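Engineer: Following this message is one structure expressed as C-alpha cells.
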Amino acid sequence: MTRTPVAPGAATPTSVGVGLRAPHYRDVLTARPAVGWFEVHSENYFGAGGPPQRYLEQVRADYALSLHGVGLSLGSTDPLNARHLGRLRGLVARYEPALVSDHLSWSSIGGRYLNDLLPLPYTDEALAHVVGRIRAAQDLLGRRLLIENPSTYLQFGHSTISEWEFLAEVARAADCDILLDVNNVYVSACNHGFDPGAYLNAMPPERVKEIHLAGHTRKSYPEGEILIDTHNAPVAEPVWALYRETLALIGPRPTLIEWDTDLPPFAVLLEEAARARADLEALDAVAA
Amino acid sequence: MPSLRELQLAFADALLADGRAVAAHIRPGRFAPERHLGVYRNNVHTTLTDALGDIHPVVRRLVGDEFFAHAAGRYLRAHPPASGNLHDFGDRFAAFLAGFAPAAGLVYLPEVARLEWAWHEAFHAPEAPPLRVETLARVAPADYPRLRFRLHPSARLVDSPYPVLRIWQANQPDYSGDAIVDLDEGGCRVLVIRRGFSVELRELSEPEFVLLASLADGRRLEEVIGAEVARVENIDPSSLLRRCVADEVVVDFSV
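In order, the protein sequences belong to chains R and L.
So for the first sequence, the working numbering puts the first residue at 17; every next one is plus one.
So for the second sequence, the working numbering puts the first residue at 52; every next one is plus one.
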C-alpha cells in the first residue's frame, strides 16, 4: 500500500464525506470521485479477509476514512464486549482512520444483541454508567471516540435530564467528542415535541467533530405521525435548514452524507454531498 | 423507578418476547406505549431478517419473502444474536430450519441453508498465500508419511443427500438453464472456497471429497492415503494432492 498515514482531524473542517456501502465499491474505485473522505460501518469489516477488506484497502489508499460503529453497545449494563473491542482495535490499527465513532445508546443485554440503537433513560445513574463505559472503551482503543446522538421513538417516564444536556455532560465527563447527527435531532424533536434549536445551542462546539446528514421516513398512524431514521432517502428540506443553523452556531465541521437502504446510484450521493459543500462554503464566505 | 439494568432487560423482553413490563416506564404522549415499542420491535426484526436473508438468498427465494420473514422471526426469538456483528447471526439457522415444522415438507431447505452459511463463512475468511512448491520440495522423503496439510482458510466441505448445488445454481439471479431440479438425482459433495473476490462452489467426486475431508481433519498423509482414500476405487491420491496444491486449495503443511 502506498498511502501516507492520515492524522486524526485530517478530514478538514470544510470537507464532505460519503457513507461507503458495498454496492458502490466499484463505482468509487473506477471513478475516484472528488469526495473528501469515506465512512464505513466498522462491523462490516470485522471479517478477517475477503472482498470487504480488499476493497477497503484500495479505497483507503486514496481517501481518509472514518470508522462508524453500531455495535459497541456503550449504554448496556452488560460487561464491555472485549472481543468486539479487540476487532475494532485491529481495524483501527489496520486502516488508521481519522475518526472513530459509535452511539449514545445500547444494543445488547444479557448477552443478547438486538443490533439496534436502543434508547437510554436520561438519569444520573445512566449518565455515570455511560461515562464510565466510554472512558473504558477509549482506554482500550487508545484514542478518543465520537459519540452520536440517536434518533429516538420514545421517552422514559423517569428521565430527569434532557438528551442535549445528557450528551453534553457525557462528552465533558468522559472526555469524548460528539458526532452531531442533525437528522436525528430533527427526528427526535418532531417525535417528542422539543425545539431542535435548544439541542443545537447545548452542544459544546469544541467537541463536535463531525456532522451526519441522512434521510428519514414519516410513518402515519391513526393518532399521528412518527418520524423514523431510515437512511433511505435524500436529506429532507427541514434538515438542510437545521444543518445551516448548526453551521452558523458551531462553525464548519466535516459532514457526512449517510444512505444505507434502497441505495441510489452513487451520483445521487455526490449531489447530496455537493449541496452540503455549498452550505459549508457559503459559511466560509460569510466568515471571510 | 427501575434500575438501568432492570429497564434494559425488560426492554429486550418486550422486543424479543412480547414482555409487557417495560410499557409502564414509557412516558405517555400522543401514542400508547405499545406504538412506541412497535417502532423498535419492527426495526430489530427488519434488521435481523434482512441480515439473515442477505446471507441466505436462495432459502429466501425458495420459500418467498413472507414465509422467510416468518421463519426469521421465529429464529431470532429462539436464537437471538450473541454478537454486535451481524455477520455472526445465522450460524444455527440450518439446524433451526431442520426442526421448523412449517418447512418440514422442504427436506432440502436446511441443506441449502448449510451451503449458504458455508458460502458466507468463506466470503469473510482470512487470506492465505499459496503454498510454494519449493518449500514442499525441501521435505525429506522419509518425512512424507507424517506430513499434515492445511486447506485454504476459506475452504468448507459440504456433502448432502440432496442435489443442493444444483438447487443453489438454479436459484441464482443470472441463471438461465433448466429451472427444474429433480430431488431423485441424488446427493452431492461440494467444496466452497474463495478465489480472489468471489466464492466458488465446486462439485467434488467422492475420492476428492474424502481426501480433502481427511486433510481438513488434520490427518497425516499416511493415514489419508492408507485408510480413507484407498477404499475408493480408481483414484490416485498423489495426483489429487498435487492438484490441490496447484489449485491453492492446500496452502500449508507441517511435519
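Glycine is no exception: its CB is placed at the ideal position from the N, C-alpha and C atoms.
This one's a predicted model, so the numbers in the text were calculated from it and none came from an experiment.
(1) Which of the three DSSP states, helix, strand or coil, is assigned to Asn222 of chain L?
(2) Kindly indicate if chain R contains any beta-carbon less than 9 Å away from that of Val302 of chain L.
(3) List the residues of chain R whose Cβ lies closer than 8 Å to the Cβ of Pro131 of chain L, in chain order.
(4) Run down chain R in chain order and give the residues with a C-beta less than 7 Å from the C-beta of Leu99 of chain L.
(5) Please determine, among R:Pro49, R:Tyr41, R:Arg42 and R:Tyr202, the residue with the shortest C-alpha to C-alpha distance to Val32 of chain R.
(6) Is Asp43 of chain R helix, strand or coil by DSSP?
(7) Are the beta-carbon atoms of Asn207 of chain R and Leu99 of chain L separated by less than 9 Å?
(8) Nearest CA to the CA of Val264 of chain R: which residue from R:Ala298, R:Leu285, R:Gly209 and R:Trp180?
(9) May I ask which residues mark the beginning and end of the alpha helix (DSSP H) holding Leu237 of chain R?
(10) Below 7 Å between beta carbons is the criterion; list the residues of the region 40-70 of chain R that meet it against any residue of chain L, in chain order.
(11) Under 7 Å, CB to CB, which of the residues in the region 134-154 of chain R have a partner in chain L?
(12) With 9 Å as the threshold, decide whether the Cβ of Asn136 of chain L is near any Cβ in chain R.
(13) How long is the line joining the alpha carbons of Ile106 of chain L and Tyr237 of chain R, rounded to whole angstroms?
(14) Hey, quick one: how far does the alpha helix (DSSP H) through His96 of chain L stretch, first residue to last?
(15) Below 7 Å CB to CB, which residues in the same chain sit around Ala290 of chain R once its five sequence neighbours on both sides are set aside?
(16) For a contact defined as C-beta to C-beta under 8 Å, what are the partners of Leu157 of chain R on chain L?
(17) Less than 8 Å between the CB atoms is what I'm expecting for Arg245 of chain L and Ser305 of chain L, so what's the real figure, rounded?
(18) Residues of chain R with CB closer than 8 Å to the CB of Val95 of chain L, please, in chain order.
(19) The beta strand (DSSP E) that contains Val241 of chain L, what's its start and end?
(20) Taking only runs of the alpha helix (DSSP H) that begin and end inside the region 221-283 of chain R, which ones reach a length of at least 4 residues, in chain order?
(21) Counting C-beta neighbours from all protein chains within 10 Å, is the total for Ser54 of chain L 16 or more, i.e. buried, or is it exposed?
(22) Flag Arg160 of chain R as yes if its beta-carbon sits less than 9 Å from any beta-carbon of chain L, otherwise no.
(23) Leaving out the 5 sequence neighbours to the left and right, which residues in its chain are closer than 7 Å to Gln223 of chain L when beta-carbon positions are compared?
(24) Against chain R, does Tyr91 of chain L count as a neighbour if the rule is that its beta carbon must be under 9 Å from one of theirs?
(25) How many Å lie between Ser289 of chain L and Glu55 of chain R at the Cα?
(26) Nearest to Gly91 of chain R by alpha carbon, out of R:Val44, R:Thr30, R:Ile163 and R:Arg37?
(27) Against chain R, does Pro79 of chain L count as a neighbour if the rule is that its beta carbon must be under 9 Å from one of theirs?
(28) Report the rounded CA-to-CA distance for Arg71 of chain L versus His174 of chain R, giving the unit in angstroms.
(29) I'd like the ranges of any alpha helix (DSSP H) spanning at least 4 consecutive residues and lying wholly in the region 141-166 of chain L.
(30) Given a limit of 7 Å on CB to CB distance, which residues of the region 173-204 of chain L reach chain R?
(31) Counting along the chain, where does the beta strand (DSSP E) carrying Tyr129 of chain R start and finish?
(32) If you draw a straight line from the alpha carbon of Gln59 of chain L to that of Val215 of chain L, how long is it in whole angstroms?
(33) For Ala187 of chain R, report the span of its alpha helix (DSSP H) as first-last.
(34) Using CA coordinates, which residue listed in L:Leu263, L:Leu66 and L:Val275 is at the minimum distance from Val300 of chain L?
(35) Does the distance from the C-beta atom of Trp122 of chain R to that of Pro270 of chain R stay below 9 Å?
(36) Is there a Cβ from chain R that is less than 9 Å from the Cβ of Leu58 of chain L?
Structural biologist: Looking at the coordinates:
(1) Within the second sequence, numbered from 1, the residue matching residue 222 of chain L stands at position 171. Note: Asn222 of chain L maps to coil in three-state DSSP.
(2) Position 251 of the second sequence, counting from 1, holds the residue named residue 302 of chain L. Answer no: the Cβ-Cβ gap between Val302 of chain L and chain R never drops below 9 Å.
(3) As a first step, residue 131 of chain L is located in the second sequence; it is residue number 80 there, counting from the start. Identification of chain R residues near Pro131 of chain L by a Cβ-Cβ cut-off of 8 Å yields Arg128, Tyr129 and Leu130, ordered along the chain.
(4) Position 48 of the second sequence, counting from 1, holds the residue named residue 99 of chain L. Correct list: Asn131.
(5) On the first sequence, position 16 is the one that residue 32 of chain R refers to. Per the Cα distances, R:Pro49.
(6) On the first sequence, position 27 is the one that residue 43 of chain R refers to. Secondary structure of Asp43 of chain R (DSSP, three-state): helix.
(7) On the first sequence, position 191 is the one that residue 207 of chain R refers to. On the second sequence, position 48 is the one that residue 99 of chain L refers to. Not closer than 9 Å, so no.
(8) Locating residue 264 of chain R in the first sequence gives position 248, counting from the first residue. Checking the displayed sequence, the identity of residue 264 of chain R turns out to be Ala instead of Val. Answer by Cα proximity: R:Ala298.
(9) In the first sequence, counting from the first residue as 1, residue 237 of chain R sits at position 221. The sequence as given places Tyr at residue 237 of chain R; Leu does not occur at that position. Run containing Tyr237 of chain R: none in the alpha helix (DSSP H); it sits in the beta strand (DSSP E), Thr233 to Tyr237.
(10) Glu59, Phe62, Gly63, Ala64, Gly65, Gly66, Pro67 and Arg70
(11) Leu134, Pro137, Glu141, Ala142 and His145
(12) On the second sequence, residue 136 of chain L is found 85 positions in, with the first residue counted as 1. So yes, Asn136 of chain L belongs to the interface.
(13) Locating residue 106 of chain L in the second sequence gives position 55, where the first residue counts as 1. Locating residue 237 of chain R in the first sequence gives position 221, where the first residue counts as 1. C-alpha separation (whole angstroms): 33 Å.
(14) Taking the first residue of the second sequence as position 1, residue 96 of chain L is located at position 45. Pro84 to Ile106 is the span of the alpha helix (DSSP H), which, as asked, contains His96 of chain L.
(15) If you number the first sequence from 1, residue 290 of chain R lands on position 274. Excluding positions up to five away in sequence, the list is empty.
(16) For this step, residue 157 of chain R is matched to residue 141 along the first sequence. Residues of chain L passing the Cβ test: none, with the nearest at roughly 15 Å.
(17) The residue given as residue 245 of chain L occupies position 194 in the second sequence. The residue given as residue 305 of chain L occupies position 254 in the second sequence. That belief does not hold up - the Cβ atoms of Arg245 of chain L and Ser305 of chain L are roughly 23 Å apart, past 8 Å.
(18) For the purposes of this step, residue 95 of chain L is identified with residue 44 of the second sequence, where counting begins at 1. Under the 8 Å cutoff, chain R gives Leu130, Asn131 and Asp132.
(19) As a position in the second sequence, residue 241 of chain L is number 190, starting the count at 1. That run of the beta strand (DSSP E) goes Cys239 to Arg246.
(20) 253-266
(21) One-based indexing of the second sequence puts residue 54 of chain L at position 3. When all chains shown are included, Ser54 of chain L counts as exposed.
(22) Here residue 160 of chain R corresponds to residue number 144 of the first sequence, with the count starting at 1. Not closer than 9 Å to any Cβ of chain L, the Cβ of Arg160 of chain R fails to qualify, so no.
(23) By 1-based counting over the second sequence, the position of residue 223 of chain L is 172. If we look at Gln223 of chain L and ignore the five residues flanking it on each side, it has no Cβ neighbours.
(24) Here residue 91 of chain L refers to the residue found at position 40 of the second sequence. Using a Cβ-Cβ cut-off of 9 Å, Tyr91 of chain L counts as an interface residue toward chain R, since at least one Cβ of chain R sits closer than that to its own.
(25) Locating residue 289 of chain L in the second sequence gives position 238, counting from the first residue. Locating residue 55 of chain R in the first sequence gives position 39, counting from the first residue. Using only the alpha carbons, I get a separation of about 49 Å.
(26) Counting from one through the first sequence, the residue named residue 91 of chain R turns up at place 75. That would be R:Ile163, whose Cα lies nearest to the Cα of Gly91 of chain R.
(27) As a position in the second sequence, residue 79 of chain L is number 28, starting the count at 1. Closer than 9 Å to some Cβ of chain R, the Cβ of Pro79 of chain L qualifies, so yes.
(28) Locating residue 71 of chain L in the second sequence gives position 20, where the first residue counts as 1. Locating residue 174 of chain R in the first sequence gives position 158, where the first residue counts as 1. Cα to Cα, Arg71 of chain L sits roughly 17 Å from His174 of chain R.
(29) Runs found: 144-149.
(30) Phe174, His175, Ala176, Pro177 and Glu178
(31) Looking up residue 129 of chain R in the first sequence gives position 113. Unbroken beta strand (DSSP E) run through Tyr129 of chain R: Arg128 to Leu134.
(32) Sequence index remark: in the second sequence, residue 59 of chain L carries index 8 (1-based). Sequence index remark: in the second sequence, residue 215 of chain L carries index 164 (1-based). Approximately 42 Å between the Cα atoms of the pair.
(33) In the first sequence, the residue the question calls residue 187 of chain R occupies position 171. Glu179 to Ala190 is the extent of the alpha helix (DSSP H) around Ala187 of chain R.
(34) Within the second sequence, numbered from 1, the residue matching residue 300 of chain L stands at position 249. Checking every option, the nearest Cα to that of Val300 of chain L belongs to L:Leu263.
(35) As a working mapping, residue 122 of chain R is identified with position 106 in the first sequence. As a working mapping, residue 270 of chain R is identified with position 254 in the first sequence. Not closer than 9 Å, so no.
(36) The residue you call residue 58 of chain L lines up with position 7 of the second sequence. It does: the Cβ of Leu58 of chain L has a partner Cβ on chain R nearer than 9 Å.
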